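Quick note, the sequences are listed as chains A and B, same order.
At position 351 of the first sequence the residue is numbered 351 (this note's numbering), and the sequence of numbers has no breaks.
At position 201 of the second sequence the residue is numbered 201 (this note's numbering), and the sequence of numbers has no breaks.
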Amino acid sequence: MASQEVLREESSRASFINDPKVRSLFFQTLVVIVLFGSVWWIVQNVIDNLQRLHIASGFGFLKGRAGFDISDTPIAYTSDSTYGRAIVVGLINTIIVAVAGIITATIIGFVIGIGRLSHNWLIQKICTVYVEVFRNIPPLLVIFFWYSGVLAVLPAPRDSYHLPFGSFLNQRGFYFPRPVWGEGSWLIFVALLVGIAMAWFVARTARQRQMATGQQFPVLWTSVALIVGLPLLAYVLSGFPLSFDLPKQSTFNLTGGFQVKPEFLSLYLALSCYTAAFIAEIVRAGIRGVSKGQTEAAAALGLRSGSILRLVVVPQAMRIVIPPLTSQYLNLTKNSSLAIAIGYPDLTATAGTVLNQTGQAVEGVLIMMIAYLILSLVTSAVMNVVNARMALVER
Amino acid sequence: MGWNGSCVHTGKKIRFCLKTEKGLWVMKHTAIGILGAATLGFMASAASATTLDTVKAKGFIQCGVSTGLAGFSAPDDKGDWQGIDADFCRAVAAAVFGDGTKVKFTPLSAKERFTALQSGEVDILSRNTTWTINRDTALGLNFVGTTYYDGQGFMINAKKLPGVNSALQLSGAAVCVQSGTTTELNLADYFKANKMEYNPVVFEKLEEVNAAYDAGRCDVYTTDQSGLYGIRLTLGSPADHVVLPEIISKEPLGPAVRQGDDQWYHIVKWTYFALLDAEELGITKANVDEMKNSASPEIKRVLGQEADTKIGTDLGVSNDWVVNIVKAVGNYGEMFDRNVGSGSPLKIARGINALWTKGGLQYAPPIR
Numbered sequence: 001m002a003s004q005e006v007l008r009e010e011s012s013r014a015s016f017i018n019d020p021k022v023r024s025l026f027f028q029t030l031v032v033i034v035l036f037g038s039v040w041w042i043v044q045n046v047i048d049n050l051q052r053l054h055i056a057s058g059f060g061f062l063k064g065r066a067g068f069d070i071s072d073t074p075i076a077y078t079s080d081s082t083y084g085r086a087i088v089v090g091l092i093n094t095i096i097v098a099v100a101g102i103i104t105a106t107i108i109g110f111v112i113g114i115g116r117l118s119h120n121w122l123i124q125k126i127c128t129v130y131v132e133v134f135r136n137i138p139p140l141l142v143i144f145f146w147y148s149g150v151l152a153v154l155p156a157p158r159d160s161y162h163l164p165f166g167s168f169l170n171q172r173g174f175y176f177p178r179p180v181w182g183e184g185s186w187l188i189f190v191a192l193l194v195g196i197a198m199a200w201f202v203a204r205t206a207r208q209r210q211m212a213t214g215q216q217f218p219v220l221w222t223s224v225a226l227i228v229g230l231p232l233l234a235y236v237l238s239g240f241p242l243s244f245d246l247p248k249q250s251t252f253n254l255t256g257g258f259q260v261k262p263e264f265l266s267l268y269l270a271l272s273c274y275t276a277a278f279i280a281e282i283v284r285a286g287i288r289g290v291s292k293g294q295t296e297a298a299a300a301l302g303l304r305s306g307s308i309l310r311l312v313v314v315p316q317a318m319r320i321v322i323p324p325l326t327s328q329y330l331n332l333t334k335n336s337s338l339a340i341a342i343g344y345p346d347l348t349a350t351a352g353t354v355l356n357q358t359g360q361a362v363e364g365v366l367i368m369m370i371a372y373l374i375l376s377l378v379t380s381a382v383m384n385v386v387n388a389r390m391a392l393v394e395r
Numbered sequence: 001m002g003w004n005g006s007c008v009h010t011g012k013k014i015r016f017c018l019k020t021e022k023g024l025w026v027m028k029h030t031a032i033g034i035l036g037a038a039t040l041g042f043m044a045s046a047a048s049a050t051t052l053d054t055v056k057a058k059g060f061i062q063c064g065v066s067t068g069l070a071g072f073s074a075p076d077d078k079g080d081w082q083g084i085d086a087d088f089c090r091a092v093a094a095a096v097f098g099d100g101t102k103v104k105f106t107p108l109s110a111k112e113r114f115t116a117l118q119s120g121e122v123d124i125l126s127r128n129t130t131w132t133i134n135r136d137t138a139l140g141l142n143f144v145g146t147t148y149y150d151g152q153g154f155m156i157n158a159k160k161l162p163g164v165n166s167a168l169q170l171s172g173a174a175v176c177v178q179s180g181t182t183t184e185l186n187l188a189d190y191f192k193a194n195k196m197e198y199n200p201v202v203f204e205k206l207e208e209v210n211a212a213y214d215a216g217r218c219d220v221y222t223t224d225q226s227g228l229y230g231i232r233l234t235l236g237s238p239a240d241h242v243v244l245p246e247i248i249s250k251e252p253l254g255p256a257v258r259q260g261d262d263q264w265y266h267i268v269k270w271t272y273f274a275l276l277d278a279e280e281l282g283i284t285k286a287n288v289d290e291m292k293n294s295a296s297p298e299i300k301r302v303l304g305q306e307a308d309t310k311i312g313t314d315l316g317v318s319n320d321w322v323v324n325i326v327k328a329v330g331n332y333g334e335m336f337d338r339n340v341g342s343g344s345p346l347k348i349a350r351g352i353n354a355l356w357t358k359g360g361l362q363y364a365p366p367i368r
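Take a look at the structure:
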């Protein structure tokens, strides 16, 4: 403290050029001016060059008729829709594959990560091989592996594999029956909601009872009975309103039912498998990061190994796991843009087509960048909330 | 990794270029669309030099071609680009440098092509590209003419789909198409107009579309008919595939240049006309030297043998430019026969691509 005060007094006496405050202010202002100056220079150049080359500019093109079709349309879209809507379709496709991939990658990652710490030699080695294989292959090759290596060798639509429940698998994708909800089927949904609500209530009461008396209650089986049983009962009571639209053979393809295309399947499987390898390592690190004493103390209390993992180790490991997990989720979302290689109509593909049909490269790239930025920021925000809830609460 | 002019190729699509122009270090970072965004931002004051000056300074023409379409632009077994579109760039090089080999080729996907031309990555886009009003206006391009009159068609595997002999029977089919093309738009229009359903299977690169069709991912392949014949040759068993009779669009394919440089536009445009005029006058690769002494004043004028002629120098090239063009690639008819016509595996008839004197559409204004 004393030395700092001395310094400050000295500097106030010296010339104001040597004042660290003035200096730092000067350099910060300089950096800001240079930064904004360069940005302004680039923007101005873009505008000048676009005008000189007679290239159309502005975002008015988004209202124009797209004129091309998209293979996967989660929202209503035809060639008469606008360019803007085509980009939205692509964005939704990106979100679908990212969310599905994140869920699957997390499940596989946790299983493999815990498996690597298993005392069973075979399980441990299999999980190690999985991680080493998928972590060390570029994601694009994993996508090609699923697309050209696995799905393309499936039979043509005429010789589809017949799977149980009226499903089919062929090189055009995976077809399964689509439920058609008849009259009175609302009762089933209501029953499902009631079942979930009751299961939640049962779980809460059971926990309170266990806290108070130490007695346990079979929560899992009660919940399953409520969530599955109630809708089934409603189904019978409302007179079997549910029917299925089965996939059928037509001239070219299977028609009817629900089709999951190979482009989506291979992208989804590849992103899941690839990211799962990284998540597995994060999970392993997280579990290793929990002091061994915790496990031993829990064992000393008489908990079984499954309960030790679930109640003592994983909750503490999550604090270490979540921050790097967020990065993996962001990576998966961004890697989904590799979809372009196999023709899945994600944001990069549809916005790229729009870019090419309108020739407005600057605007097209800007839209893509902003869309991915927003997606990533939202993912980070959600994960930060989860992290805050998991963080160590100090009393 | 290798050097190409002033650019370092560091990967499939990423390229760093360092140029000193007007003492300004220009750094380009290109990746499909970012190419346009970035170069439009940084190319600043390099604009005042004409394309001809830039081309002469670097000593070669950078020519944008397809990633491989037999007959139009495809590398042969030695890695040399062959085809009508590739030869057209050689013709321009012959006109400018007197040497048809001074061309470097940049393979471009349908999606990359316009940005590559707009940003100055290539000097000519000679890549089986359809001439449309939108591309002439909103995209800032200038098409110089139609080197090949084409139309869009459909190809199917007749072995797998017996009984299909018209495009009107294709309702419900999965159709393979390349993204960012007029083909993609015509396809949507055609099925909509005929109230048919289809399932688009869209890829960015031609090779990807070919592979998907060959693997059976889709029932139908649609692109320009000439392209279909070329692609059929590359498939596993070409004889199984048939091109359906319907032609659903007009596809005038031609080279394009950037707007705003009339001199370069004229050189490329008149190279095309010179190829046609040479064929009309019977000037061929074999007889071009004899033809210089022809009695016909027209032939002498075209070949720059007229006394005190200024035709070539006014254009910005040497007066024997037509001689150089014909020596490099032959006349239009020779170019056609060698690449897509009777002298090629494609065996496409001249049809509407014959000269106007033989009932076709190829017509050039006189060189005088």
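Glycine is no exception: its CB is placed at the ideal position from the N, C-alpha and C atoms.
Quick caveat: nothing in here was measured; it's all calculated off a predicted structure.
Check: Residues in the same chain with beta-carbon distance under 6 Å from A:F258, minus the five sequence neighbours each way, listed in chain order, please.; Outcome: F176 and R178
Check: Using 9 Å as the threshold, is the C-beta distance between B:R127 and B:R113 below it?; Outcome: yes
Check: Say whether chain B places a C-beta atom closer than 9 Å to the C-beta of A:I102.; Outcome: no
Check: Taking the C-alpha atoms as reference points, what is the distance between A:G352 and A:G364?; Outcome: 7 Å
Check: Ignoring anything shorter than 4 residues or poking outside the region 124-195 of chain B, list the alpha helix (DSSP H) runs there in chain order.; Outcome: 133-137 and 182-193
Check: Taking 9 Å as the CB-CB cut-off, is B:Q62 touching chain A?; Outcome: no
Check: Are the beta-carbon atoms of A:V313 and A:T295 separated by less than 9 Å?; Outcome: yes
Check: Applying the 10 Å Cβ sphere with the 16-neighbour rule, what's the burial state of B:H241?; Outcome: buried
Check: Could you check whether the region 81-90 of chain B touches the region 331-342 of chain B, counting it as contact only if at least three pairs of C-beta atoms, one from each stretch, sit closer than 8 Å?; Outcome: yes
Check: In three-state DSSP terms, what is B:R258?; Outcome: strand
Check: With A:Y130 and A:A277 assumed to form a contact (beta carbons below 8 Å), what rounded beta-carbon distance in angstroms separates them?; Outcome: 7 Å
Check: Using DSSP bridges, identify the partner residues of B:S237.; Outcome: Answer is none; B:S237 lacks a bridge partner.
Check: Going straight from the alpha carbon of B:N134 to that of B:F273, what length do you get?; Outcome: 24 Å
Check: On the three-pair Cβ rule with 8 Å, is the region 264-271 of chain A touching the region 92-101 of chain A?; Outcome: yes
Check: Roughly how many angstroms separate the alpha carbons of A:V46 and A:A361, rounded to a whole number?; Outcome: 11 Å
Check: Going by DSSP, what residue range makes up the beta strand (DSSP E) through A:W181?; Outcome: R178 to W181
Check: For the structure I just gave you, are there three or more beta carbon pairs, one from the region 52-64 of chain B and one from the region 113-122 of chain B, closer than 8 Å?; Outcome: yes
Check: Would you mind giving the Cβ-Cβ distance between B:R217 and A:Q249, rounded to the nearest angstrom? I have them listed as a contact below 8 Å.; Outcome: About 18 Å separates the two Cβ atoms, so there is no contact after all.
Check: Which residue wins for smallest C-alpha separation from A:F264, given the options A:V31, A:P164 and A:Y344?; Outcome: A:Y344
Check: Just to confirm, are A:I75 and A:V88 a CB contact at a threshold of 9 Å?; Outcome: yes
Check: Could you check what DSSP says for B:Y198 in three-state terms: helix, strand or coil?; Outcome: strand
Check: Do you know whose CA, among A:L267, A:L246 and A:E281, lies nearest A:L117's CA?; Outcome: A:E281
Check: Taking C-alpha atoms, which residue in A:R319, A:L325 and A:M368 lies nearest to A:S380?; Outcome: A:L325
Check: Whole angstroms are fine: how far does the CA of A:G115 sit from the CA of A:W121?; Outcome: 10 Å
Check: Leaving out five residues before and five after A:L404 in sequence, what residues of the same chain have Cβ atoms less than 8 Å from its Cβ?; Outcome: Lying before the first or after the last residue shown, residue 404 of chain A is absent from chain A, which here runs from 1 to 395.
Check: For B:N210, which of helix, strand or coil comes out of DSSP?; Outcome: helix
Check: Chain B beta carbons: is any one of them nearer than 9 Å to that of A:T78?; Outcome: yes
Check: Go ahead and pull the three-state DSSP assignment for B:A44.; Outcome: Note that B:A44 scores 46 on pLDDT, short of 50, meaning its location in the model is unreliable and no value can be drawn from it.
Check: CB B:K327 to CB B:K285, shorter than 9 Å?; Outcome: yes
Check: Quick one, which residues of the region 163-176 of chain A are near chain B if we go by CB-CB under 7 Å, in chain order?; Outcome: Q171 and R172
Check: Just grab the DSSP bridge partners of A:H54 for me.; Outcome: In DSSP, A:H54 forms no bridge with anything.
Check: Starting from the C-beta of A:F174, find all residues in its chain whose C-beta is less than 6 Å away, skip the five residues before and the five after it, and write them out in chain order.; Outcome: V260
Check: Can you tell me which of B:L244, B:L355 and B:L315 puts its alpha carbon nearest to the alpha carbon of B:W270?; Outcome: B:L315
Check: B:K195 to B:A158, Cα distance in whole Å?; Outcome: 23 Å
Check: If you measure from the beta carbon of A:S71 to each beta carbon in chain B, is any gap under 9 Å?; Outcome: yes
Check: Compare the C-alpha of B:H254 against each of B:L355, B:Y148, B:A138 and B:A354 and name the closest.; Outcome: In the sequence under discussion, the amino acid at residue 254 of chain B is Gly, which differs from the His named in the question. If we check each option's Cα against that of B:G254, B:Y148 comes out closest.
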